[in-house]
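Only one structure is covered here, and it is reproduced in the block below.
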Amino acid sequence: MDNPPCGILPRRLRNDRRHSKHMSQILSRRGWIALAIVALTAVILGFVGASQEAIIVSIVGAVAAIFASAAGRALEDDHPVVPTMPEPPSPLGPVLDALGEPVLILSGPRIASANGAARALLGSHIVGEDARIAIRHPAASGLLASEASAGPVALTGLGSADQRWEMQIAPIGDGRRLVHLSDRSGSHAAERMRVDFVANASHELRTPLASILGYVETLSDTAGDDPAIRARFLKIVFDEARRMQRLVDDLMSLSRIEAEKFRVPSDVVDLGALVDDTHAELAEAHDGRGRDIILEHDAGAIPVLGDRLQLSQLLHNLIGNAMKYGQPGTPVRVSITRDNGAIRLIVADQGEGIAPEHLPRLTERFYRVDPGRSRSVGGTGLGLAIVKHIVERHRGRLEISSRVGEGTRVSVTLRAPGQESPKPVS
């Protein structure tokens, strides 16, 4: 290859240095102005109640426009030169990578820049691709082809089948557009759980209410004149009313526990004494089934950090379940052991056991392995959900294991005073 004529290379290097110096001067002069513009944009949008996505799009767009303006000014003030070195990385790159959600910069139909979150979602090869190919979704194609701003639009199944994203497009000047993808999977799942919860709660309340209304209507007819029929129907009405009361109490209890989930209990509670008190209360419960409870723990105090009322409720739910679903006459073992400084409570029964496919869902609200049997023994379907939330508030760990035909074992690990929280098990 021929060497360049003498003097050309030094002149090019001088031009490149002058161009870089000019860019630095422009960015330095405009730095405070840029910061003020970005800050003012965020404050105004926050004041008027704009969404987080709108604030992100506006801030990134403002930063991009500032850099584009600075680059354009430098090129206008300098003579065009033939570049001899690769273009430096875009100064917008670190700004985009600092954002936790996927952001793309489009130049025409193609992707000019993508942050790390976007490359992780769509692939590391997307820079330079047509955006409609990178984001393969029917709802996005038309918007990506247009030059106008658009959104927000929902994209279901992008990344994986159960993921839900929201896409927003905004022009940022110089023929470029910013594409922001916001992950809505969590909020969608929460909304679905809320809808399911309301539907299940309504159903659980409607069933005993319909039964009560039916029997009251029957009692108001001539059938109510028969003392035996009246006594039997009144007992059913009373049982159904108590069932509704238990359900409402559990719903209120669950609501209170969730409201306090960020307040970690710091009181010292003697778990051994609390287990003894619970045993005494349940000794004659469930037709004498409480007499099958066997306690296994040290005689001295067993201190844990916790909320006494909630831990008492946890014990009643776990021991009550073991008495209800264990085989009559078989022991219900309640033991307390020390595990690397933490305190472990174990409640085990010898019942029919639970099939493996049901175990992951046992702590869901209103989930029942056998709905008919659960209602017949007075269950609301919320007991283990309450236990789960109590354990979470105490920063503890809940484990459930079971074998069909052998029984079920529930383990709760709690913090002892001065101990760190045990690692949760999903």
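Numbering-wise, my numbering comes out as the position in the sequence shown, counting from 1, plus 1.
Glycine included, C-beta positions come from ideal geometry on N, C-alpha and C.
All of these numbers come straight from a predicted model, not from anything done at the bench.
With distances taken Cα to Cα, identify the nearest neighbour of residue i among the options.
i    : options                : result
R233 : R244, Q246, T219, M245 : T219
I170 : A162, A356, A155, L159 : A155
P95  : G109, A118, I112       : A118
S150 : D163, I136, G176, P361 : G176
S254 : R193, V196, H189, I391 : I391
L360 : R345, A141, T409, T338 : T409
G419 : P139, P304, L399, D163 : P304
L97  : I106, L107, N116       : N116
A190 : D163, K389, G174       : D163
V1   : E358, Y368, I387       : A question about residue 1 goes unanswered here, because the residues of the chain that appear run from 2 up to 427.
R207 : K389, M194, Q246       : Q246
I387 : A274, E259, V348, R345 : E259
H181 : I347, I344, A132       : A132
I112 : L310, E102, I134, L159 : I134
H138 : L159, G129, P153       : L159
By the DSSP assignment, the alpha helix (DSSP H) with residue i in it spans what residues?
i    : result
V217 : 186 to 221
G384 : 384 to 394
R257 : 228 to 260
E282 : 272 to 283
P139 : 139 to 146
Does the distance from the C-beta atom of residue i to that of residue j stay below 9 Å?
i    : j    : result
V104 : L179 : yes
L440 : H317 : One cannot answer for residue 440 here, as it falls past the ends of the chain, which runs 2 to 427.
L296 : T381 : no
K262 : E365 : no
V413 : G397 : yes
G342 : A417 : yes
P209 : R244 : yes
I127 : I173 : no
S183 : E167 : yes
In chain order, what residues of the same chain lie with their CB nearer than 6 Å to the CB of residue i, ignoring the 5 residues before and after it?
i    : result
T157 : R165
F198 : R366
S212 : E241
A146 : none
V238 : I213, Y216
P84  : Its pLDDT being 48, under 50, P84 is placed unreliably by the model, and nothing is read from it.
L123 : A135
Taking 7 Å as the limit between beta carbons, can you name the residues of its chain near residue i, skipping five residues before and five after?
i    : result
G291 : L283, A284, E285, M324
G307 : P266, D268, V270, H395, L415
T279 : S313, L316, H317, I320
A202 : L252
V276 : L296, H298, L316, V335, I337
At what residues does the beta strand (DSSP E) containing residue i begin and finish?
i    : result
L296 : 294 to 297
I127 : It is not in any beta strand (DSSP E) - I127 carries neither H nor E in the DSSP assignment.
R111 : 111 to 115
D308 : First-last for D308: undefined, no H or E at that position.
Q169 : 165 to 174
L399 : 398 to 404
Kindly indicate which three-state DSSP category residue i falls into: helix, strand or coil?
i    : result
G419 : coil
I344 : strand
L159 : coil
I337 : strand
I134 : helix
P329 : coil
P103 : coil
V83  : Unreliable placement is indicated for V83, whose pLDDT of 49 sits below 50; the coordinate value is still reported in the next sentence. Three-state result, V83: coil.
P153 : strand
T409 : strand
L363 : coil
S183 : strand
V96  : helix
R177 : strand
S108 : strand
A349 : strand
Quick one: residues in its chain with C-beta nearer than 8 Å to the C-beta of residue i, no 5 flanking neighbours on either side, listed in chain order?
i    : result
L363 : I355, V370, L385, I401
D293 : M324, G327, G330, T331, P332, V333
E407 : Q351, G354
Any beta carbon from chain B within less than 9 Å of residue i's own beta carbon?
i    : result
V196 : Given the protein chain composition of this structure (a single chain), no chain B is represented.
Beta carbon of residue i: closer than 8 Å to some heavy atom of the ligand SAM?
i    : result
R290 : With respect to the ligand SAM, the structure offers nothing, as it holds no ligand at all.
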